[in-house]
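Before any comments, here is the structure.
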Amino acid sequence: MHTEALGNTEDFNWEAYANEELDILTAGEFAESLAERPKSSAKNSRLLEISSAEHATPVLLSKSITTNNVKEIHELLQSSKYSSACLEVAFEYKQSSSPNIPAFKAILKLQDRRTHEPVKEIETQQFYPSKKGAKEEAARLGVEFVNNLPEELSNRFSEVESNASDSVSSEWIGKLAEFCQKKNVMPEYRIYEVTTALGSLFSCEVALPAKINIPKIEGKVFGDRSRTFSKKKTARASAARETMEWLNSQTAVSHPSPPPTSISVPEAVITAGARLNYLCPKLDLSTPEYHVNMDPDCKFFEGYVLIKRLKGGKSVKVGPMKNMIGKKAAREKLANAALKWLNREAERLGIVLDTEKIE
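Going by the working numbering, the residue at position 141 of the sequence shown is 145; the numbering climbs one at a time, nothing skipped.
So, in structure tokens, the structure goes:
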């Protein structure tokens with residue numbers, strides 16, 4: 005205690021101050037007073053708040069979307085029923101013009117997964133408070149649309165794939181044009197179009213004039229108007245290939261030549277698929293047809309190769325082979341298996357192939 009607070013210490017009555025009864029607690033008495041006070045805690049305060057709010061109106065904080073339509077549309081397009089349609093989905097969004105209340109519409113786009121060309125667009129009818137909700141509704145409409153497709157439309161790409169890229173497809177058209185130029189005639193291409201729920205599909209037929217002077221050519225039509233493709237160019241190439249295969253077989257019959265005793269593959273022909281394409285016509289076999297699809301259960305590819313005998317006889321099927329990773333690698337693996345069969349076929353005919361290039 006500072007003595008200044010008491011004034012002049014000489015005049016202060018220390019005896020009276022010492023005898024005054026003051027309300028001073030000992031340490032034990034202070035602890036007892038704390039124990040007698042009512043207990044209070046954060047938990048008790050929280051319970052009190054909850055109790056007072058028992059009859060209050062609930063306020064919506066958020067919504068949760070628990071459906072799986074997006075997952076379902078992806079799995080559906082990869083299933084065995086629809087995998088041959090070569091379709092995939094992409095989503096786009098539209099936002100409402102109101103700046104205060106954000107709302108969204110979703111647009112599901114069905115497109116060709118090989119060319120990314122649009123096939124069908126499906127838009128939600130109303131706006132949703134989140135992109136997720138709009139996306140789920142668009143996916144639901146997409147599942148509905150795909151499930152209601154006619155069977156023939158779900159297999160719109162189930163036709164035999166062309167052996168290689170567009171450059172190889174164009175090669176068949178070029179070969180037919182070169183052949184006809186030598187004969188001083190022109191091939192007649194007939195393109196057909198059919199409009200479906202999935203867009204326009206095309207087919208092609210080819211006719212050659214009778215003056216080409218080849219037996220059985222008059223009135224003959226190559227190609228198939230029921231075999232549809234997504235592009236006119238592919239349809240034209242398919243018909244040209246069929247025409248050239250028939251012409252090659254007829255030329256071989258008209259001008260028979262002794263079978264070769266050995267066939268070598270040019271060094272520039274490197275891949276198994278290219279070697280197979282080079283060797284098959286030299287053994288009177290058609291260009292190989294690859295049938296490759298993704299297994300929806302394990303996401304690997306499976307398939308087989310079909311080779312036809314141009315002079316008649318039973319077609320040869322090499323495969324099926326399963327659990328192949330990647331479509332391009334699967335085709336190469338199938339080509340290698342077909343080359344092994346081709347080597348055995350050549351031995352049966354007494355022909356020696358360039359076996360060093362056959363793995």
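Note that beta-carbon positions come from the ideal geometry of N, C-alpha and C, so glycine has one too.
Please read these numbers as outputs of a predicted model, since none were measured by experiment.
Where residue i falls: helix, strand or coil (DSSP)
i: V150; result: helix
i: I54; result: Bear in mind that the predicted position of I54 carries a pLDDT of just 46, short of 50, making it too unreliable to give a figure here.
i: K321; result: strand
i: E271; result: coil
i: I111; result: strand
i: C184; result: helix
i: Y282; result: helix
i: H78; result: helix
i: I126; result: strand
i: G307; result: strand
i: N73; result: helix
Classification of residue i by the beta-carbon crowding that lies within 10 angstroms, buried from 16 upward
i: F183; result: buried
i: T128; result: buried
i: A94; result: exposed
i: P324; result: exposed
i: V356; result: exposed
i: A350; result: buried
i: G178; result: exposed
i: R335; result: buried
i: K139; result: buried
i: S83; result: exposed
i: I77; result: buried
i: D301; result: exposed
i: I126; result: buried
i: G146; result: buried
i: R245; result: buried
Residue from the options whose Cα sits closest to the Cα of residue i
i: F233; options: I111, L145, V269 and L205; result: L205
i: I311; options: G277, K109, F304 and I329; result: G277
i: K315; options: L145, L251 and A244; result: L251
i: Y294; options: K321, I218 and A272; result: K321
i: D288; options: M248, C302 and M298; result: M248
i: V150; options: K337, S87, G307 and K344; result: S87
i: S290; options: K318, T275, S266 and G307; result: K318
Anticipated Cβ contact below 8 angstroms, residue i with residue j, distance rounded
i: P122; j: K113; result: 6 angstroms
i: L283; j: L346; result: 6 angstroms
i: F226; j: A243; result: 6 angstroms
For residue j and residue i, the rounded distance between their alpha carbons
i: N327; j: F305; result: 6 angstroms
i: K98; j: I111; result: 8 angstroms
i: G354; j: D228; result: 36 angstroms
i: Q115; j: R279; result: 33 angstroms
i: S101; j: K85; result: 41 angstroms
i: S268; j: K224; result: 35 angstroms
i: V189; j: E197; result: 26 angstroms
i: T199; j: K235; result: 13 angstroms
i: E92; j: I105; result: 32 angstroms
i: R117; j: V210; result: 29 angstroms
i: H59; j: N152; result: Model confidence at H59 stands at a pLDDT of 49, short of 50, so the residue's coordinates are unreliable and nothing is read from them.
i: S207; j: I216; result: 24 angstroms
i: L193; j: P213; result: A small fix is needed here, since residue 193 is Tyr in this sequence, not Leu. Taking the straight line from one Cα to the other gives about 12 angstroms.
i: P103; j: Q130; result: 17 angstroms
i: H120; j: K237; result: 17 angstroms
Proximity test, residue i beta-carbon vs the ligand ZN heavy atom, cut-off 7 angstroms
i: L180; result: Ligands displayed in this structure: none; no statement on the ligand ZN is therefore possible.
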